[in-house]
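There are 2 protein chains.
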Amino acid sequence: MRTVGALVYPNFELLDLFGPLEFFGWNADAFRIAIVAPEKGPVPSNMGPATVADLSLSEADHFDVLLVPGGWGRSIPVDTDRIVPWLGLAASRSTHVLSVCTGSALLALTGFLDGRRATTNKALFSWVEEKRPEVDWQPKARWVRDGTLYTSSGVSAGMDMSLAAIADMIGLEAAKGIARGAEYQWHQDPDDDPFAASALV
Amino acid sequence: MRTVGALVYPNFELLDLFGPLEFFGWNADAFRIAIVAPEKGPVPSNMGPATVADLSLSEADHFDVLLVPGGWGRSIPVDTDRIVPWLGLAASRSTHVLSVCTGSALLALTGFLDGRRATTNKALFSWVEEKRPEVDWQPKARWVRDGTLYTSSGVSAGMDMSLAAIADMIGLEAAKGIARGAEYQWHQDPDDDPFAASALV
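Sequences listed follow chains C and F, in order. Residue 0 is where the first sequence starts when you use numbering that gives the first Met the number 0, and the numbers rise one by one after that. Residue 0 is where the second sequence starts when you use numbering that gives the first Met the number 0, and the numbers rise one by one after that.
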C-alpha cells in the first residue's frame, strides 16, 4: 500500500488534482490518498469548488507518491514562502514525485529539478522556464519521466502521466484496467504532444 | 452568466464531478459553480478526498445547468430517499440537465428520463437499465443529447459531453478554446464510443 500525498493550496487547478487522484484512487488496494495543505480544512480551487486538507504541512514531511498540481500561472499568486521550503524537503524524501502543469514551476523553485528533465504547461512555458533556467525544460512532451520524477504538460496531461506512473508502480495491465474502468482513452506515448507548438511561439 | 449546480452525495466519483467543472469553470465570465448536497459542508468522494457543498437541497431548487455525477454503482449505496424527490423537481425546473456515468441512474429513478434517449457507464449498463426500463437507453454512445438533456457514458466521457454542452451554450470556438487551454484532446463525436462493447456482453 502506497500513500499518495497531494499538495493543495488556494487556487489549485481542479483537474490537475482530481484527474490523477481518480486514477490512483481507483485501486484502493494499492493506493490511499491524503491531501496536505498549508492549513487543514477547506481549500478553494481556481474555479471555486474546494477540497478538504487532511493534513497541514507540519504534519507530513514525505509520501510514497508526492503529487503537486498546478494552478499558479501569470496573475494567480501562491504563498511560496510557506510552501517552497516544505516542498523541497518533501520532494527529496518522497519515493515518487509527480507534478502537473505549473506544479512543476513550484517544484522548480525548490531546486529539486535542477539539471533534470522536466516539462510544464505549454501556453505558460516561457513563464515557467524563466522561473528556474537550471532545469532541463522540455518544450515537446506530454509528460517527462526522469527516474522516479514525473512532470506533465498542462492540466489534462496529468491524467496520461499518472497512468504511466501507476503502470511503473503496479504494472501496465493494472493501469490499462483503470483507464478502461474510467472509460479513459489513455495516450500512452509521452513524446506525442499535440500542444507542443504553443511552447515554441 | 449561468450557474452550474452540481449535486454531490457521499461516494460521488471524483472525475465525474471535477472533469466537467474544470471546463465550465474555465470560463468565469459565462459560468459560476455551486455545489449542492443533502447537507452543507464536506462531502467525501468514492476515493476519499472531499469537496464542500455550498448549498443544502432545501436551499436550491433549480439551476441554469444541473450536473449529476455518478458514484453509485453495484455495492455503493446512495440515500435515494432524500435525493430522488429533490432531483426530479430540480431537473424539471433547470434549463440544462447533464449527468455523468451512473448519475443517469439516479436521474432515471425520478422518471425524468422516461421515453428519452440516454446513456450511462458501459460496464454497469445492465445494472442501470434494469433500474428504469422506461428510458430509451443507448448502449453505444460516448454521450447522448436529447434537447437540453445530456447524459454521458462512464467517468471520463463526462468531459467530452461537457465540452459539447458548453459549445451548445456559448459556441464551438469557445469550447475548443477551453479544451486547448486545458491541453485536452476533445473527442467531439458523440457516436464514437470505444467502450460500447462492454455494454453488449
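Just so it is clear, CB atoms sit at the ideal spot from N, CA and C, and this is done for glycine as well. Note that this is a predicted model, so its numbers are computed, not measured.
Neighbouring residues, chain F, relative to residue i (Cβ below 9 Å)
{"i": "C:K121", "result": "E182"}
{"i": "C:S152", "result": "E182"}
{"i": "C:I34", "result": "G47, P48 and A49"}
{"i": "C:L97", "result": "Within 9 Å Cβ-Cβ: nothing; C:L97 doesn't reach chain F, min ~16 Å."}
Residue i CB to nearest heavy atom of the ligand GTP below 7 Å
{"i": "F:W142", "result": "Annotation note on the ligand GTP: not contained in the displayed structure, which lists no ligands."}
Residue burial classification, residue i (beta-carbon count within 10 angstroms, cutoff 16)
{"i": "F:G40", "result": "exposed"}
{"i": "F:R92", "result": "exposed"}
{"i": "F:P132", "result": "exposed"}
{"i": "C:R141", "result": "buried"}
{"i": "F:A156", "result": "buried"}
{"i": "F:G69", "result": "buried"}
{"i": "F:A117", "result": "buried"}
{"i": "C:E21", "result": "buried"}
{"i": "F:L148", "result": "buried"}
Contacts that residue i makes with chain F (C-beta to C-beta distance below 8 Å)
{"i": "C:N45", "result": "G24"}
{"i": "C:A156", "result": "E182"}
{"i": "C:L54", "result": "By Cβ distance, chain F contributes nothing, its closest Cβ being about 12 Å from C:L54, past 8 Å."}
{"i": "C:F194", "result": "R179 and E182"}
Nearest-angstrom Cβ-Cβ length linking residue i and residue j, presumed shorter than 8 Å
{"i": "F:H95", "j": "F:V64", "result": "5 Å"}
{"i": "F:L86", "j": "F:T109", "result": "5 Å"}
{"i": "F:G4", "j": "F:A59", "result": "6 Å"}
{"i": "F:K139", "j": "F:A107", "result": "Not really, about 18 Å apart at Cβ, beyond 8 Å."}
Own chain residues within Cβ distance below 8 Å of residue i, not counting five before or after
{"i": "F:R73", "result": "L123 and W126"}
{"i": "C:A49", "result": "P41, V42 and P43"}
{"i": "C:L56", "result": "V35, A36, P37, R81, I82 and W85"}
Where the beta strand (DSSP E) containing residue i begins and where it ends
{"i": "F:V64", "result": "V64 to V67"}
{"i": "F:P19", "result": "Premise fails: F:P19 lies in the alpha helix (DSSP H), L13 to W25, not in any beta strand (DSSP E)."}
{"i": "F:G40", "result": "G40 to P43"}
{"i": "C:M30", "result": "According to the sequence provided, residue 30 of chain C is Phe. The question's Met does not apply to it. Looking at the DSSP string, the run of the beta strand (DSSP E) that includes C:F30 is F30 to A36."}
{"i": "F:S98", "result": "H95 to S98"}
Cβ neighbours of residue i in the same chain (closer than 6 Å, five flanking residues each side left out)
{"i": "F:I217", "result": "In this structure chain F extends from 0 to 200, so residue 217 of chain F is not present and cannot be described."}
{"i": "F:L239", "result": "The structure shown does not extend to residue 239 of chain F, since chain F is modelled only from 0 to 200, so the question has no answer here."}
{"i": "F:R81", "result": "P37"}
{"i": "C:V143", "result": "R116, A117, T118, Q137 and T150"}
Proximal chain F residues relative to residue i, where beta-carbon distance stays under 7 Å
{"i": "C:F17", "result": "L13, L14 and F17"}
Extent of the continuous alpha helix (DSSP H) run through residue i
{"i": "C:G102", "result": "G102 to L108"}
{"i": "C:D140", "result": "Looking at the sequence provided, one finds Ala at residue 140 of chain C rather than Asp. First-last for C:A140: undefined, no H or E at that position."}
{"i": "F:L86", "result": "T79 to R92"}
Same chain, Cβ closer than 7 Å to residue i, five either side skipped, listed in chain order
{"i": "F:A178", "result": "L162 and W185"}
{"i": "F:G180", "result": "W25"}
{"i": "F:F194", "result": "K121, S152 and G153"}
Proximal residues of chain C, C-beta to C-beta of residue i below 8 Å
{"i": "F:A49", "result": "T50 and V51"}
{"i": "F:P41", "result": "P41 and V51"}
{"i": "F:L20", "result": "L13, M46 and P48"}
Listed by chain order, chain C residues near residue i by CB distance under 9 Å
{"i": "F:L148", "result": "In chain order: nothing, as chain C lies at least about 20 Å away."}
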